[in-house]
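Here the structure is laid out as structure tokens; the discussion comes afterwards.
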DNA sequence: CCTTTTTTCGTAAACGTTTTAAATTTTGAT
DNA sequence: ATCAAAATTTAAAACGTTTACGAAAAAAGG
């Protein structure tokens, strides 16, 4: 029963086309009839139908944000950045959680294609879906976040993960540490690899030896850091400092360390990467290398919209990480 | 250039209608031609156009989640709950942040109406938008979360906030406290009022006096709890226990207390409400009355979809809060 | 083999817009 | 008053589906 353009046309005594032009401020229309029509539309309580418009204009002004899990403290800020920029530009954004499952990831992609979203921002969990996208069975602009995707003409916005790993390690060395371990999570993502390489490089420049403890499988749970540290004490190979691949792992390490009588930062220094919100709580006070999460979201939406409007070719953005010194690292 | 039903029809040598029926497993079709058509569609790489379908079927299978800020640690789990249920039932969900602004809230509502979403889940910040909705200028099924909306025929899912306030206070009294204050946030929401009333009632039943310190304006920042506690020490009216309206405020109180030499829980007990994720960190270890956030999201989506399918009238769901005992409350 | 019922399929309209091309009106100058 | 040019409007097609209705074909019953 919603009032339509047809209805307005009847009341105003003009054709559909005129009404459409009036409501869209089309230049080819007499300003006085335009006002009259707008008035009538207002009175009749007209609400334009975006679905119909989408059908003829072949764009929906919808984008999607495809992430592993909004519950992971890294993503809400990213999402906020994306949504802010999208809304400012008239776009709505679908929130899509893949639950770290590549099958879900691909399922969602075909759903989004059916729905004719104009573009997608993906924090990919699987390289398979990257292939799927770049093989362009999907035919929708995509920008990746969180991990570099260096295949042909891909778009992404990431931080310089190498630098992040480097900075964390460098900071620890400046504090006097020479026995520095790295505890990581995933073993496939570029961010994982880059951070490790940054760590290695920093050590190498000071002729120190690397000690990398990666966790099998992919997990963002604290337990990962916790368990790995436990192994270290079992093997009597506890370093004086640890760079954790991310803050959640750092938290796990801290818990394990303190439970086993190690004082942080007196006995052991721990630095994370990411800067998730609860690291800033005074009781946690985690020293970390921060990612500009909000900016990552916002910038990725920016690029995506450019891509959609065709006003830009592929773009790779690498943002700068920055050190946040708090209380979990001490001098050696 | 996407392949359409028309194209398939041509190749298969049948009418549009037949193709449509085949692809939708319509009963009125020969199973063998159905298979043939599906085969062809597959081969041609057909992707149904949900926009066109939405136009004729007058539903979009899209819903929206309208919340103040996904960055607030309360909402990600809720969002996850609604998205999970929605996806399982073929719906996609728009993430809409209002940034605690009622103007944004209403703007978003008209946008969502234009887009013809089938339903909306709202965590309302303003009673004005509730009026706006119930005056049904909007003509879309709505379910509220977080605060009761007791106007005619509204749908909501909340926790029993009265009980939450009551339980928190009761627990403190059981520990021997008799000087118990309440520090709250918002002064308008039903959840705020109910929690206070629960607190009062519990005290009343034990003939104790209430001490309510509400924070002017609305804020979910820690600073609120922090500042209010500071006033207490200034006025030399520090109680032995405090129930905080929510966990974030509780955190602020804890910080202030410890900064001023009060040991938690030895000198002062603090209990929150909500159970946000970082309360569970060992270093924080906040005792709290929990809300089933995921269930709130999931259940609200459930109700909304029922509403959309017309298979149910209005529903008010009140979920049970539950006590999580950790380390911030001690015996007196 | 004819009639009736049941299956299956095709025609055409509908959903609510935008847009192209053509028709009409207005304007401005002579 | 006349005519060309500019401004405004209209008619109709298009976007890609679904669906009501009727027609044809197949199956069933006698």
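Chains as they are written, first to last, in the numbering used here: chain A, 1 to 332; chain B, 1 to 332. Glycine included, C-beta positions come from ideal geometry on N, C-alpha and C.
Closer than 8 Å at the beta carbon, the chain B residues around residue i
i, result
"residue 120(A)", "Result: empty, since nearest Cβ-Cβ is about 12 Å, beyond 8 Å."
Where residue i meets chain B, residues with beta-carbon distance less than 7 Å
i, result
"residue 71(A)", "76, 77, 80"
"residue 113(A)", "47"
"residue 283(A)", "283, 284"
Partners in chain A for residue i, counting only beta-carbon separations shorter than 8 Å
i, result
"residue 116(B)", "49, 50, 51"
"residue 60(B)", "51"
Cβ separation of residue i and residue j, assumed to be a contact under 8 Å, to the nearest whole Å
i, j, result
"residue 308(A)", "residue 119(A)", "5 Å"
"residue 226(B)", "residue 252(B)", "4 Å"
"residue 155(B)", "residue 299(B)", "About 11 Å separates the two Cβ atoms, so there is no contact after all."
"residue 304(B)", "residue 143(B)", "5 Å"
"residue 14(A)", "residue 46(A)", "That pair is no contact at about 14 Å."
"residue 80(A)", "residue 297(A)", "6 Å"
"residue 190(B)", "residue 147(B)", "5 Å"
"residue 276(B)", "residue 248(B)", "7 Å"
"residue 109(B)", "residue 129(B)", "7 Å"
"residue 268(A)", "residue 284(A)", "15 Å between Cβ atoms; not a contact."
"residue 78(B)", "residue 102(B)", "20 Å between Cβ atoms; not a contact."
"residue 165(A)", "residue 140(A)", "Their Cβ separation, rounded to whole angstroms, is 33 Å, which puts residue 165(A) and residue 140(A) out of contact at 8 Å."
"residue 265(A)", "residue 310(A)", "At roughly 52 Å, the Cβ-Cβ gap does not stay under 8 Å, so residue 265(A) and residue 310(A) are not in contact."
"residue 182(B)", "residue 211(B)", "7 Å"
"residue 76(A)", "residue 71(B)", "5 Å"
"residue 121(A)", "residue 145(A)", "6 Å"
"residue 332(A)", "residue 240(A)", "5 Å"
"residue 170(B)", "residue 202(B)", "5 Å"
"residue 301(B)", "residue 117(B)", "Actually they do not touch by this definition, with Cβ atoms about 13 Å apart."
Residue i beta carbon near the ligand NAD (any heavy atom closer than 7 Å)
i, result
"residue 14(A)", "Questions concerning the ligand NAD fall outside what the structure shown contains, since it holds no ligand whatsoever."
Per-residue contacts from residue i into chain A (C-beta, under 7 Å)
i, result
"residue 83(B)", "95, 97"
The region 37 to 58 of chain B: positions lying closer than 7 Å to chain A by Cβ: Residues are counted here when their Cβ sits less than 7 Å from a Cβ of chain A; for the region 37 to 58 of chain B these are 47, 48, 49, 50, 51, 52, 54, 55, given in chain order.
Whole runs of the alpha helix (DSSP H) within the region 169 to 206 of chain B, excluding any shorter than 4 residues: Within the region 169 to 206 of chain B, the complete alpha helix (DSSP H) runs of at least 4 residues are 190 to 205.
Members of the region 251 to 278 of chain B that neighbour chain A once the beta carbon cut-off is set at 9 Å: Flagged, chain order: 251, 254, 255, 258, 259, 277, 278.
Secondary structure, beta strand (DSSP E): runs of 3+ residues fully inside the region 218 to 251 of chain A: Within the region 218 to 251 of chain A, the complete beta strand (DSSP E) runs of at least 3 residues are 241 to 244.
Contained alpha helix (DSSP H) runs [length at least 4] in the region 25 to 62 of chain B, N- to C-terminal order: 31 to 44, 50 to 57, all fully within the region 25 to 62 of chain B.
Contact the region 151 to 160 of chain A vs the region 288 to 296 of chain A: 3+ CB pairs below 8 Å: When Cβ pairs closer than 8 Å are counted between the two stretches, the region 151 to 160 of chain A is seen to touch the region 288 to 296 of chain A, the count reaching three or more.
The region 45 to 56 of chain A / the region 244 to 263 of chain A touching (three or more Cβ pairs under 8 Å): Contact fails: fewer than three Cβ-Cβ distances are below 8 Å.
Completely contained alpha helix (DSSP H) runs for the region 245 to 299 of chain A, where each covers 4 or more residues: Along the region 245 to 299 of chain A, the alpha helix (DSSP H) occurs as fully enclosed runs of 4 or more residues at 247 to 259, listed in sequence order.
Selection of the region 168 to 200 of chain A by Cβ proximity to chain B, strictly under 9 Å: Residues passing the 9 Å Cβ filter: none.
Within the region 84 to 131 of chain B, ranges of the beta strand (DSSP E) (whole runs, at least 3 residues): Within the region 84 to 131 of chain B, the runs of beta strand (DSSP E) at least 3 residues long that lie entirely inside it are, in chain order, 92 to 97, 119 to 122.
Members of the region 85 to 104 of chain A near chain B, C-beta cut-off 9 Å: Under the 9 Å Cβ criterion, the region 85 to 104 of chain A contributes 87, 90, 92, 93, 94, 95, 96, 97, 99, 104.
Touch test, the region 19 to 27 of chain B against the region 315 to 323 of chain A, Cβ-Cβ under 8 Å, three pairs minimum: With fewer than three CB-CB distances shorter than 8 Å, the region 19 to 27 of chain B does not count as touching the region 315 to 323 of chain A.
Members of the region 298 to 322 of chain A near chain B, C-beta cut-off 9 Å: Cβ proximity to chain B below 9 Å picks out nothing from the region 298 to 322 of chain A.
At least 3 beta-carbon pairs within less than 8 Å: the region 94 to 104 of chain A vs the region 66 to 84 of chain A: The region 94 to 104 of chain A, when compared against the region 66 to 84 of chain A, does touch it at the 8 Å Cβ threshold.
At least 3 beta-carbon pairs within less than 8 Å: the region 173 to 183 of chain A vs the region 143 to 153 of chain A: The region 173 to 183 of chain A makes no contact with the region 143 to 153 of chain A; the number of CB pairs closer than 8 Å stays below 3.
The region 200 to 207 of chain B touching the region 230 to 242 of chain B, judged by at least three CB pairs closer than 8 Å: With the cut-off at 8 Å, the region 200 to 207 of chain B and the region 230 to 242 of chain B do not touch.
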